[in-house]
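S.K.:
In my numbering, the protein residues as written are 463 to 758.
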């Protein structure tokens with residue numbers, strides 16, 4: 463296995479709740495009140511829709527795709543959803559610092575260092591919107607590809623917090639059979655003081671509609687036993703995935719990072735006075751600092 467390359471689940475398409483639009487020559491993310499499932503192909507007008515988008519949308523009320531039937535690829539919750547505080551280089555799209563609120567891996571002039579992580583609000587170089595939580599959820603949709611997944615990326619606290627809790631809970635109540643639970647992604651809305659009482663949308667993970675928790679757990683046990691009898695080793699799959707994720711210092715896709723930064727870390731999110739040159743200058747200043755107590 464090539465060292466330094468994160469081995470992540472095969473991706474067949476993307477799940478999003480927004481898109482990038484161009485206004486006055488500036489490309490900015492625009493939130494939506496429904497899911498969109500796209501392929502891995504991007505054209506001039508944006509990402510090409512995946513056939514599953516049309517298929518599921520036909521069955522949705524008013525053609526608004528707000529639920530997606532899914533299954534997890536792994537029994538271990540943290541393998542399905544990886545989330546960290548991440549600071550990207552806005553120019554290259556590569557991660558510069560990744561932390562969990564306790565420790566971080568930071569790219570410095572002398573290489574990658576392990577340092578304390580105080581979180582975005584207390585980090586000298588990451589504050590002001592430069593550092594955000596960054597979550598990646600891989601799910602299976604349909605039965606065409608046993609190991610292929612669709613990826614949902616988010617920097618939203620509500621989505622990350624909710625998904626992490628649900629995955630952990632379903633793993634627990636199923637006795638570690640998370641991969642066999644019949645689930646669905648569900649789009650929820652809420653308003654807060656911070657959102658000025660305008661609706662914001664986040665992603666939840668629930669038991670498939672029409673199925674009780676008890677029925678879901680019973681189905682998971684039955685499916686797990688059947689798969690084991692047929693020779694499918696789920697524990698070995700989880701172990702292989704954990705090894706693959708740990709094969710690199712940072713998990714990122716070289717070909718997609720510019721799109722990730724554009725969609726999830728727009729320049730407007732770091733204040734009206736901030737631009738790419740200012741960000742690059744600040745990153746460079748951090749790299750040149752010899753004081754390891756400074757965080758970015």
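Using N, Cα and C, we set each Cβ at its ideal position, and we do this for glycine too.
1) Roughly how many whole angstroms lie between the Cα atoms of residue 612 and residue 605?
2) Would you mind working out which of 724, 637, 721, 705 sits nearest residue 464, comparing C-alpha positions?
3) Under 8 Å, with one C-beta from each stretch per pair, do the region 682–699 and the region 647–654 reach the 3-pair mark?
4) So, with DSSP's three-state summary, where would you put residue 596?
5) Can you check DSSP and say which residues form a bridge with residue 601?
6) So who's on the other strand from residue 575, going by DSSP bridges?
7) Using DSSP bridges, identify the partner residues of residue 478.
8) Mind checking residue 750: buried by the 16 CB within 10 Å criterion, or exposed?
9) So is residue 548 buried or exposed if we call it buried at 16+ other beta carbons inside 10 Å?
10) Compare the Cα-Cα distances from residue 703 to each of 671, 542, 529, 508 and report the closest residue.
11) State the Cα-Cα distance for the pair residue 582 and residue 620, rounded to the nearest angstrom.
12) My understanding is that residue 682 touches residue 639, with C-beta atoms under 8 Å, so please give their C-beta distance in whole angstroms.
13) Please report the straight-line C-alpha distance between residue 675 and residue 636, rounded to a whole angstrom.
14) For residue 622, does the three-state DSSP call read helix, strand or coil?
15) Are there three or more Cβ pairs, one per stretch, closer than 8 Å when the region 491–511 is compared with the region 472–481?
16) Does the pairing of the region 662–675 with the region 615–629 give three or more beta-carbon distances under 8 Å?
17) Going by CA-CA distance only, name the one from 572, 698, 477 that's closest to residue 527.
18) With distances taken Cα to Cα, identify the nearest neighbour of residue 532 among 599, 580, 567, 546.
19) Return the CA-CA distance between residue 466 and residue 521, expressed in angstroms with no decimal places.
20) Label residue 659 either buried or exposed according to how many other C-beta atoms from any shown protein chain fall within 10 Å of its C-beta, with 16 as the threshold for buried.
21) Figure out for me which residue from 601, 553, 654, 670 has the closest Cα to the Cα of residue 474.
22) Between which two residues does the beta strand (DSSP E) carrying residue 545 extend?
23) Would residue 498 count as contacting chain C if we go by Cβ distances under 8 Å?
24) Put residue 691 into one of helix, strand or coil per three-state DSSP.
M.R.: Here's the rundown:
1) Approximately 12 Å, taken between the alpha carbons.
2) Of the candidates 724, 637, 721, 705, the residue whose Cα lies closest to the Cα of residue 464 is 705.
3) Contact fails between the region 682–699 and the region 647–654, because fewer than three Cβ pairs, one in each stretch, are under 8 Å apart.
4) Note: residue 596 maps to strand in three-state DSSP.
5) Per DSSP, 612.
6) In DSSP, residue 575 forms a bridge with 568.
7) Residue 478 pairs with 498.
8) Bear in mind that a pLDDT of 35 at residue 750, under 50, signals an unreliable position, so the model cannot answer this.
9) Buried: at least 16 other Cβ atoms inside 10 Å.
10) It is 542.
11) Answer to the nearest angstrom: the Cα atoms are 16 Å apart.
12) Right, their Cβ atoms sit about 4 Å apart.
13) Between the alpha carbons of residue 675 and residue 636 lies a distance of about 9 Å.
14) Helix.
15) Yes, they touch.
16) Contact between the region 662–675 and the region 615–629 is present, because at least three Cβ pairs lie under 8 Å.
17) Residue 477 holds the alpha-carbon nearest to the alpha-carbon of residue 527 among 572, 698, 477.
18) Cα-wise, what sits closest to residue 532 is 599.
19) Rounded to the nearest angstrom, the two C-alpha atoms are 43 Å apart.
20) With fewer than 16 other CB atoms across the displayed protein chains lying within 10 angstroms of its CB, residue 659 is exposed.
21) Nearest of 601, 553, 654, 670 to residue 474, Cα basis: 601.
22) Residue 545 -> beta strand (DSSP E) spans 543–550.
23) Chain labels in this structure do not include chain C; a single protein chain is all it has.
24) If DSSP states are grouped into helix, strand and coil, residue 691 belongs with the helices.
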